[in-house]
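Below is one structure, written out as structure tokens; comments come after it.
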Amino acid sequence: MSRIEFFKVAYSKKDGQPVNDVVAQALSDMDELVSQMPESSMQSSSAIDEVFTQVMGSEQPGRVKTYDFGPSPRDVFGHKNSEVMQAM
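Just so you know, my numbering puts 31 at position 25 of the sequence shown, and the rest follows in order with no gaps.
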């Protein structure tokens, strides 16, 4: 599930409508940017996540957008390669 799909699920009512106008505008902006992407880029999760970042802004240190205060970036995205290599 992409970050855009997660955002849609997390910020939509049971009937599928966005919870407020701010969310509706963000979803509209994301849909517009995704529709402008070449077909080859639409298969890439990193390209889709880049659209999310363009609309919602970059991550704050130690936080992951849409995941509230629970998980850290490491919990969601895993360890960086350098951290894995140091552990070996």
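Cβ coordinates follow ideal geometry from the N, Cα and C atoms, glycine included.
Candidates VAL25, LEU39, SER47 and GLU45, of which the one nearest THR59 by Cα: Translated into the one-based positions of the sequence shown, residue 59 becomes position 53. Selection VAL25, LEU39, SER47 and GLU45 evaluated against THR59 yields LEU39 as nearest (Cα-Cα).
Starting from SER34, trace the alpha helix (DSSP H) both ways and give me its first and last residue. Translated into the one-based positions of the sequence shown, residue 34 becomes position 28. The continuous alpha helix (DSSP H) containing SER34 extends over residues 27-41.
Quick check on this structure: which residue in GLN49, ALA16, GLU45 and ASP35 has the alpha carbon closest to the alpha carbon of GLY63? In the sequence shown, residue 63 corresponds to position 57, counting from 1. Among GLN49, ALA16, GLU45 and ASP35, the Cα nearest to that of GLY63 belongs to ASP35.
Could you pull out every residue in the same chain whose Cβ sits closer than 6 Å to the Cβ of GLU89, ignoring the five residues on either side in sequence? For the purposes of this step, residue 89 is identified with residue 83 of the sequence shown, where counting begins at 1. Legend: pLDDT at GLU89 = 47, less than 50; position of this residue unreliable, value from coordinates given subsequently. If you ignore the 5 residues before and after GLU89, its C-beta comes within less than 6 Å of no other C-beta in its own chain.
Measure the Cβ-Cβ separation of PRO24 and LEU33 and say whether it is below 9 Å. As a first step, residue 24 must be located in the sequence shown, where it is residue number 18. As a first step, residue 33 must be located in the sequence shown, where it is residue number 27. Cβ distance < 9 Å, so PRO24 and LEU33 count as in contact.
Taking only the alpha-carbon atoms, compute the straight-line gap between GLU17 and ARG9 and give it to the nearest angstrom. Stepping through the sequence shown from its first residue, residue 17 is reached at position 11. Stepping through the sequence shown from its first residue, residue 9 is reached at position 3. This sequence places Tyr at residue 17; Glu is not what is there. Between the C-alpha atoms of TYR17 and ARG9 there is a straight-line separation of about 12 Å.
DSSP on SER64, reduced to helix/strand/coil? The residue labelled residue 64 in the question sits at position 58 within the sequence shown. SER64 sits in coil when the DSSP states are folded into three classes, being neither helix nor strand.
Whole angstroms is fine: what's the gap from MET7's alpha carbon to MET48's? In the sequence shown, counting from the first residue as 1, residue 7 sits at position 1. In the sequence shown, counting from the first residue as 1, residue 48 sits at position 42. About 13 Å.
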